[in-house]
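Enquirer: Position 199 of the sequence shown, counting from 1, maps to 192 under this note's numbering, and the rest follow consecutively.
Just so it is clear, CB atoms sit at the ideal spot from N, CA and C, and this is done for glycine as well.
One structure follows; several queries about it will come next.
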Amino acid sequence: MWNKVFGRDRRYCDGITRRQMLRVGGSTLFGGLTLPGLLQLQAQAAAPKPAKAKACILIFLEGGPSHIDMWDMKPDAPVDIRGSFNPIKTKVPGTHISELLPMCAKVVDKFTILRSHSHNDNGHETGRHWVMTGYGPRFADGQAQGVPFNELYPSIGSIVAREIGQGGQVPPYIEMPNPLGPGGPGFYGAKYAPFTINNDPAQPDFKVRDLKAPDSITDARFARRRELLAEAEKLGASRHATGKAKTMTSYYEKAVDLVTSPAARAAFDIQAESKAMRERYGFNSAGQSMLLSRRLVEAGCKFIGIDHGSWDTHFDNFSSLQKDLCPPVDRAFSALVSDLDERGMLDETLVVMMGEMGRTPRINKDAGRDHWSACQTVILAGGGIKRGAVIGATDATASYPTTQPYGIQDLLRTIFSLMGIDADKMYDTPLGRPVALVNGGKRIDEVIA
-6 MWNKVFGRDR
4 RYCDGITRRQ
14 MLRVGGSTLF
24 GGLTLPGLLQ
34 LQAQAAAPKP
44 AKAKACILIF
54 LEGGPSHIDM
64 WDMKPDAPVD
74 IRGSFNPIKT
84 KVPGTHISEL
94 LPMCAKVVDK
104 FTILRSHSHN
114 DNGHETGRHW
124 VMTGYGPRFA
134 DGQAQGVPFN
144 ELYPSIGSIV
154 AREIGQGGQV
164 PPYIEMPNPL
174 GPGGPGFYGA
184 KYAPFTINND
194 PAQPDFKVRD
204 LKAPDSITDA
214 RFARRRELLA
224 EAEKLGASRH
234 ATGKAKTMTS
244 YYEKAVDLVT
254 SPAARAAFDI
264 QAESKAMRER
274 YGFNSAGQSM
284 LLSRRLVEAG
294 CKFIGIDHGS
304 WDTHFDNFSS
314 LQKDLCPPVD
324 RAFSALVSDL
334 DERGMLDETL
344 VVMMGEMGRT
354 PRINKDAGRD
364 HWSACQTVIL
374 AGGGIKRGAV
384 IGATDATASY
394 PTTQPYGIQD
404 LLRTIFSLMG
414 IDADKMYDTP
424 LGRPVALVNG
434 GKRIDEVIA
């Protein structure tokens, strides 16, 4: 039972509030609305809207990019806050971003800048866990504190893989060039784990491992092995598998699908792109990862996570941003949204770029900025997102939002809504505990077109 004392209407076990029951009575008398009718309307309102995004690319700037030096500049703030960079005009009149991002400034009409993202976890590992799962971590130093492994929370990519499924010959959830940290399947199990490339697409000899059988295994021999496996399946081998054996069965099935698929091998072949296209994105980790992500979306992948770091600029924040961090991302992100748009893919591909936090407004003694999760900028493009919008505002030092703050659950709920996924859907853990895809929050309607 819910009670007004706790700030909410009294709620019955069927989820109907007392106020709604009174409305039903009045509506029945005057408008003919019955309780079943109300329940039907509620179900329709709660149902996820048709998907606008068929895939999502998450560009994770690991370590925490400096919002005040990139997207939310404060040129009138004191020098120990505003830093050494200047704002520049963009393609959208009235919208200014940092001089560090001149290429993004030319295509700012293709994406939305959300300046009022905020949460209260200033830790790298814990903050990443929040972003990737929507739940607070229940571990310290990577070790579970009395929590069974199969009770750990699934990540956003694994949720997408489970809810949408495979759309082509490539895995539904791929991460590169490194694991996203807490980006695994949790209690969903190995079936929904990411395929991790674990290799930098910018390397001249880049190859995705294990996409073909060893040269010593002929096609005929490989076919015989599959036939033998199929006979074992008929005897119920996989049905009786448990624990590690069951996990390995899932891995084996996914590996076989990749090894036997020419389409999958072609999707990963970034060398098939022209030199001009590769230069457009930039011959670096950020650029080639984003180019490969476009190829994977074309091949049917539903969620690609790109890990790019490190943006943890406690020291030499300004030289690091200017020389090393911003130029490749500026080029790569502007190329990605433009390329997707030119191919007619942007409206169906959701692109999200963010870190686990922002940086402190005040510059420290080492010319750096420290952890600051109370204010952060998130960049959103495509998949039903407004174009050329700036959502939210912050105070004079970019310390806190002055408009409605949006948190991680709000962002995840928005992503799932655009992908046609019911964020309130529940799954039971192996121990029987129901867990919702998103624990609270509300959709950020301000960013939706």
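(1) When you compare the CB positions of A391 and K67, do they come within less than 8 Å of one another, or not?
(2) Quick test of the definition: if touching needs 3 or more C-beta pairs under 8 Å, does the segment 317 to 328 touch the segment 95 to 108?
(3) Looking at the structure shown, is M63 part of a helix, part of a strand, or coil, going by DSSP?
(4) Answer with buried or exposed for G150, where buried requires no fewer than 16 other C-beta atoms within 10 angstroms of its C-beta.
(5) Evaluate the contact criterion for the segment 331 to 348 versus the segment 365 to 385: three or more CB pairs, one atom per stretch, below 8 Å.
(6) Give me, in chain order, the residues of the same chain whose beta-carbon lies closer than 6 Å to that of F23; leave out the 5 immediate sequence neighbours on both sides.
(7) In the structure shown, what three-state DSSP assignment does Y181 receive?
(8) Would you call R352 buried or exposed, if buried means 16 or more other Cβ atoms sit within 10 Å of its Cβ?
(9) State yes or no: is the C-beta of E55 within less than 8 Å of the C-beta of G348?
(10) Report the option in E291, V85, L94 and T88 whose CA atom is closest to the CA atom of F78.
(11) Can you tell me which of A195, R258, A44 and A260 puts its alpha carbon nearest to the alpha carbon of A279?
(12) Taking only three categories from DSSP, how would you classify E291?
(13) Just to check my reading of the structure: G385 and L107 have Cβ atoms closer than 8 Å, yes? What is that Cβ distance to the nearest angstrom?
(14) Give the straight-line distance between the Cα atoms of P71 and L314, rounded to the nearest whole angstrom.
(15) Can you tell which of Y185, A257, H112 and T422 has its C-alpha closest to the C-alpha of C368?
(16) How would you call M419, buried or exposed, if buried means at least 16 neighbouring beta carbons within 10 angstroms?
(17) Are M270 and L284 close, meaning C-beta to C-beta below 8 Å?
(18) What is the C-beta distance between P147 and G179, in whole angstroms, given that I count them as a contact (C-beta under 8 Å)?
(19) In the DSSP assignment, find the alpha helix (DSSP H) that holds Y274 and state where it starts and stops.
(20) Is G425 closer than 8 Å to D403 when the C-beta atoms are compared?
(21) How many whole angstroms separate the CB atoms of S286 and Q162, which I take to be in contact at a CB cut-off of 8 Å?
(22) Under 8 Å between the Cβ atoms of M338 and A44?
(23) Would V383 pass as a contact of T88 if the rule is Cβ separation under 8 Å?
(24) Is DSSP giving A48 helix, strand or coil here?
(25) Let me know if K103 comes out buried or exposed under the rule of 16 or more other beta-carbons within 10 Å of its beta-carbon.
(26) Let me check one thing: in DSSP terms, what residues is E335 bridge-paired to?
(27) So, with DSSP's three-state summary, where would you put E349?
(28) How is D403 classed by DSSP in three states: helix, strand or coil?
(29) For A256, which residues in the same chain have their Cβ closer than 6 Å to its Cβ, ignoring the five residues on either side in sequence?
(30) Apply the 10 Å Cβ neighbour rule to T126 and answer buried if 16 or more other Cβ atoms are within range, or exposed otherwise.
(31) Which of the three DSSP states, helix, strand or coil, is assigned to T395?
(32) Between K358 and G160, how many whole angstroms is the CB-CB distance? I'm expecting something under 8 Å.
(33) Here's a check: name, in chain order, each residue in its chain whose Cβ is nearer than 8 Å to the Cβ of D417, leaving out the five neighbours to either side.
Expert: Well, looking at it:
(1) yes
(2) yes
(3) helix
(4) buried
(5) yes
(6) Low per-residue confidence applies at F23: pLDDT is 36, beneath 50, and the placement is therefore not dependable, though the value from the model is reported in the following sentence. Excluding residues within five positions, none has a Cβ falling inside 6 Å.
(7) helix
(8) So R352 counts as buried.
(9) Yes; because the gap between Cβ atoms is below 8 Å, this pair is in contact.
(10) L94
(11) A195
(12) helix
(13) 6 Å
(14) So the two alpha carbons sit approximately 20 Å from each other.
(15) It is H112.
(16) A residue is called buried when at least 16 other Cβ atoms come within 10 angstroms of its Cβ; M419 does not meet this threshold and is exposed.
(17) yes
(18) 4 Å
(19) K268 to Y274
(20) no
(21) Contact doesn't hold; Cβ gap of about 16 Å is too wide.
(22) no
(23) yes
(24) strand
(25) buried
(26) Its beta-bridge partners do not exist; DSSP assigns none.
(27) coil
(28) helix
(29) The residues are Q162.
(30) Looking at its Cβ environment, which holds 16 or more other Cβ atoms inside 10 Å, T126 is buried.
(31) coil
(32) K358 to G160, Cβ: 51 Å. No contact.
(33) A39, A429, L430 and V431
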